[in-house]
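Here's the structure, in structure tokens; my notes come after.
Residue numbers (the working numbering): 621 to 857.
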């Protein structure tokens with residue numbers, strides 16, 4: 621997969637490729653959130669961190685992903701041909717005040733299990749096949765994380781280690797080394813703001829200091845087909 625069609629001199633694209641992430645303001649407006657949030661209520665089991673079940677079939681979710689601000693952001697970054705492949709809803713709440721250590725997003729969601737060289741670590745998550753692809757596949761993907769609630773420094777925001785997406789797939793020793801040498805950035809947000817990030821970027825999240833609801837819509841996008849008969853479990857917005 622390739623994203624070579626992007627304008628290489630666009631400032632936002634340069635920031636994304638340098639740092640591995642880009643903050644976007646006001647991707648979803650108050651009116652969109654007012655319609656979207658009731659449709660997402662009750663989708664996550666009590667005490668659970670999140671879900672991926674059935675989200676792609678919700679019409680207002682599809683509408684949000686094809687809203688003008690989302691399309692405009694993808695256009696100026698050169699991702700016009702991108703299509704969503706995995707959709708998850710996370711909720712950090714008083715009942716599930718979770719944290720995750722520094723990691724990369726390495727698995728992708730596919731339609732069926734097909735054995736192809738370089739694709740390893742098969743698993744099934746909520747009934748959906750997942751596999752770890754070659755690094756080249758992950759380098760051609762982009763993730764959009766939309767904040768559905770305000771998220772300040774005390775609310776367990778996404779933390780990233782800028783530039784770490786450039787080192788490929790990392791083992792535990794490399795992750796620890798980068799964790800000690802790269803200054804983390806906290807991605808605080810207002811409701812409706814978003815972060816675009818590369819899946820290979822090291823990222824983490826701590827439990828909230830004062831637990832409140834902190835919902836995030838996490839959408840992974842690809843730019844082209846998979847090899848050897850593998851198919852993305854994609855949905856067109």
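The beta carbon of each residue, even a glycine, is placed where N, CA and C say it ideally should be. Quick caveat, the model's predicted, so the values are computed rather than measured.
Apart from the 5 residues on each side of it in sequence, residue 720 sits with its Cβ closer than 7 Å to the Cβ of 824 and 825 in its chain, given in chain order.
Note that the segment 677-691 does not touch the segment 797-806; fewer than 3 beta-carbon pairs, one per stretch, sit closer than 8 Å. In this chain, residue 849 is not harboured by any alpha helix (DSSP H), its DSSP state being neither H nor E. Taking a cut-off of 8 Å for Cβ pairs, the segment 776-794 and the segment 645-662 do not touch, as fewer than three such pairs fall below it.
Between residue 678 and residue 671, the CB-CB gap reaches or exceeds 8 Å. Note that the C-beta distance between residue 767 and residue 814 is below 8 Å.
The straight-line gap separating the alpha-carbon atoms of residue 674 and residue 703 is approximately 17 Å.
The residues 776, 827, 828 and 831, in chain order, have a CB closer than 8 Å to that of residue 717 in the same chain once the five nearest residues on each side in sequence are set aside.
Excluding the 5 residues flanking it on each side, residue 849 has same chain C-beta neighbours closer than 6 Å at 734, in chain order.
For residue 639, there is no enclosing beta strand (DSSP E); the residue is part of the alpha helix (DSSP H) that begins and ends at 631-639. Closest by C-alpha distance to residue 780, out of 742, 737 and 725, is 725. For residue 817, the closest of 686, 833 and 805 by C-alpha to C-alpha distance is 805. When rounded, the separation of the alpha-carbon atoms in residue 686 and residue 699 is 13 Å.
Counting along the chain, no beta strand (DSSP E) covers residue 660; the unbroken alpha helix (DSSP H) around it starts and ends at 650-660. About 7 Å separates the Cβ atoms of residue 763 and residue 839, confirming a contact at the 8 Å cut-off.
For residue 743, the closest of 728, 755 and 736 by C-alpha to C-alpha distance is 728.
The DSSP-derived three-state label of residue 779 is strand. The alpha carbon of residue 793 has as its nearest neighbour, out of 661, 723 and 712, the alpha carbon of 723. For secondary structure counted as the alpha helix (DSSP H) over 4 or more consecutive residues, the segment 716-800 holds these complete runs in sequence order: 755-759.
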